[in-house]
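J.: Following this message is one structure expressed as C-alpha cells.
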Amino acid sequence: MNTFSSKKAPIRVAVTGAAGNIGYALLFRIASGAMFGPNQPVALNLIEIPPGMKALEGVAMELDDCAFPLVTEIVQTDDLSVGFKDVDWALLVGSVPRRQGMERADLLSVNGKVFVGQGKAINDFAKPNVRVLVVGNPCNTNALIAMTSATNIPNEQFFAMTRLDENRAKTQIAQKAGVPVREVSELCVWGNHSPTMYPDFENAKIGRGKATDVILDQAWFRDTFVPTVGQRGKAVIEARGSSSAASAANAVVDTVRDLSTPTRGDIHSVCVISRGEYGTPAGIITSLPIRVDGAGKWRVVEGVKLSEYAKQKIAASNAELLEERSVAFGQLGLSV
Ligand code: NAX
65 MNTFSSKKAP IRVAVTGAAG NIGYALLFRI ASGAMFGPNQ PVALNLIEIP PGMKALEGVA
125 MELDDCAFPL VTEIVQTDDL SVGFKDVDWA LLVGSVPRRQ GMERADLLSV NGKVFVGQGK
185 AINDFAKPNV RVLVVGNPCN TNALIAMTSA TNIPNEQFFA MTRLDENRAK TQIAQKAGVP
245 VREVSELCVW GNHSPTMYPD FENAKIGRGK ATDVILDQAW FRDTFVPTVG QRGKAVIEAR
305 GSSSAASAAN AVVDTVRDLS TPTRGDIHSV CVISRGEYGT PAGIITSLPI RVDGAGKWRV
365 VEGVKLSEYA KQKIAASNAE LLEERSVAFG QLGLSV
C-alpha cells in the first residue's frame, strides 16, 4: 500500500476485471492522474473473480512499483462488499466472453446474473452518488441490468461506453479528409455498442464546417465509413490477435473525465438512460449526444437534426437493444 499525504480526499474507483487486458491498460492511466487530473489522489479497489486473483496480485505489485504519488490505497478483492465499499466510481470492465457454441442468449444470461449481483452490491456498499460505467459486453444491456438491480441509486448515474466507437469514427474521418483528428468534432455515436451502432457523420464537423462539405464522396460515408466503424473491433482482433485493450482503456479515461468536467465545445457519445429523446424508446440505455453542465449534471444535447437515413439506422440499433432487454430480463425474471 502506498501512502500520499494530501488535503484532498481521494476519489475511490472500483475496477472489475482488473487483471484483464483492459484493466492492465487502464489502471496505470488512472493512477498517473490521466482520469481525474494531476492533483487528485485516487484509491483503487481492484475486483476480480477467484481465478484472476493471482494475476491481480502481479498487477498490484506493478502499480506499487510505479510509486505513483497520487495513489493512496490499493485494495485487491474478489468480494463485492469490499470492492464496492464507499466507491465514487465503479468501472465494470470484467465480463464473461462469448465462447464457441455459446448463443447470444446464453451470453446475455451468464453476464446478466453477474450484473444483477454487481448492481445490488453497488446499491448496498457504494456511495449514494456513485457513478457506474459499464464496459463489459454486452455493455448497454449489462448497464441496464445493473441499474435495475441498484434500486436506490438514480438511473442517471449509470452509463455504458461508446466513446471508443466515437474516437474510432473521428479518426476515420480525419484520415479520409487529411486533417489532424482534433479538427473533427460533434460526432455522436447513437444506439447500441454493437455493429448496429450509428456514427452520425451528417452532423460531424471538420473545423467549423460540415464534414460532408469537406469529404464530398457521400458514398464513402454510407458504404465504407459506417461499416468500418461498426466492424473496427473485429478488425483489431484479426490484426492483433486479441481485442482492443489500450484504446478501450483510453476511451474509459475519456468518458470518465468528460462526465466529471463541464463540457466546453464538443459533445460526447455516452450510453445513458433514455427518456425518449429523439424518438428512442424510453427506459433503455442507449448512446446519445450529451453535455455536462457547470453543476456536473449531464444532459442530452437538444436540436440535433437527423435525416431519415439516420433515424432508420438509430431505430434499428435501438430495436436490437429492446430485443436484448427482452431476452435478458425474461431470463433473469426482471421487470421493466
Ligand atoms: P479479458 O478477458 O482480458 O479480461 C476480463 C477480466 O475480467 C478477466 O481478468 C476476468 O477474470 C475478469 N472477470 C470476469 N468476470 C468477472 C466478474 N464477474 N467480476 C470481476 N472480474 C471478472 O477481457 P478484456 O479485453 O479486458 O475486455 C473486458 C470486456 O470489455 C469484455 O467484455 C469486452 O467485450 C469488453 N469491451 C468493451 C468495449 C466497449 O467499447 N464497450 C471495447 C473493448 C472490449 O471489447
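Taking the numbering used here, the leading residue of the sequence shown gets 65, the next gets one more, and so forth.
A virtual CB, placed ideally from N, CA and C, is assigned to each residue, including glycine.
#1: Assuming G158 and G84 make a contact with CB atoms under 8 Å, what is their CB distance in whole Å?
#2: Is it buried or exposed, R286, if we count other Cβ atoms within 10 angstroms and call 16 or more buried?
#3: Buried or exposed: C335, going by 16 or more other Cβ atoms within 10 Å of its Cβ?
#4: Restricting to Cα atoms, I'd like to know which of P202, A268, T319 is closest to A233.
#5: Are the Cβ atoms of D152 and I75 separated by less than 8 Å?
#6: T260 by DSSP, collapsed to three states: which one?
#7: Helix or strand or just coil, what does DSSP make of F222?
#8: Is the beta carbon of A315 within less than 7 Å of some heavy atom of the ligand NAX?
#9: Taking the Cβ atom as the reference point for each residue, do D142 and I113 lie within a distance shorter than 8 Å?
#10: Quick one: what's G255 bridged to in DSSP?
#11: Identify whether T327 lies in helix, strand or coil by the three-state DSSP scheme.
#12: Could you spell out the range, first to last residue, of the beta strand (DSSP E) harbouring A107?
#13: In three-state DSSP terms, what is G122?
#14: Which of the three DSSP states is assigned to E137 in this structure?
#15: In angstroms with no decimal places, state the Cα-to-Cα distance between V364 and R195.
#16: Comparing the CB of H257 with every heavy atom of the ligand NAX, is any distance shorter than 7 Å?
#17: Below 8 Å between beta carbons: does that hold for P263 and E388?
#18: Buried or exposed for I301, please, with buried defined as at least 16 other CB atoms from any protein chain shown within 10 angstroms of its CB.
#19: Could you please give the first and the last residue of the uninterrupted beta strand (DSSP E) stretch that includes L155?
#20: Locate the alpha helix (DSSP H) running through T80, then write down its first and last residues.
#21: Tell me whether S307, by its Cβ, gets closer than 7 Å to a heavy atom of the ligand NAX.
#22: Taking 8 Å as the cut-off, decide whether the C-beta atoms of G81 and G200 are in contact.
#23: If you measure from the CB of A312, is any heavy atom of the ligand NAX nearer than 7 Å?
T.: In brief:
#1: G158 to G84, Cβ: 6 Å. Contact.
#2: Exposed, because fewer than 16 other Cβ atoms sit within 10 Å of the Cβ of R286.
#3: It counts as buried.
#4: Among P202, A268, T319, the Cα nearest to that of A233 is on A268.
#5: Less than 8 Å separates the beta-carbon of D152 from that of I75.
#6: DSSP places T260 in coil when its eight states are reduced to three.
#7: strand
#8: True, at least one ligand heavy atom lies under 7 Å from that Cβ.
#9: yes
#10: In the DSSP output, where bridge partners are listed per residue, G255 has S351.
#11: coil
#12: For A107, the enclosing beta strand (DSSP E) covers residues 106 to 111.
#13: helix
#14: Looking at E137 - three-state DSSP - the assignment turns out to be strand.
#15: C-alpha of V364 to C-alpha of R195: approximately 17 Å in a straight line.
#16: yes
#17: no
#18: exposed
#19: 153 to 156
#20: That residue, T80, is in no alpha helix (DSSP H); its beta strand (DSSP E) goes 75 to 80.
#21: Checking every heavy atom of the ligand NAX against the Cβ of S307, one is found closer than 7 Å.
#22: With respect to the 8 Å criterion, G81 and G200 are classified as neighbours on the basis of their beta carbons.
#23: yes
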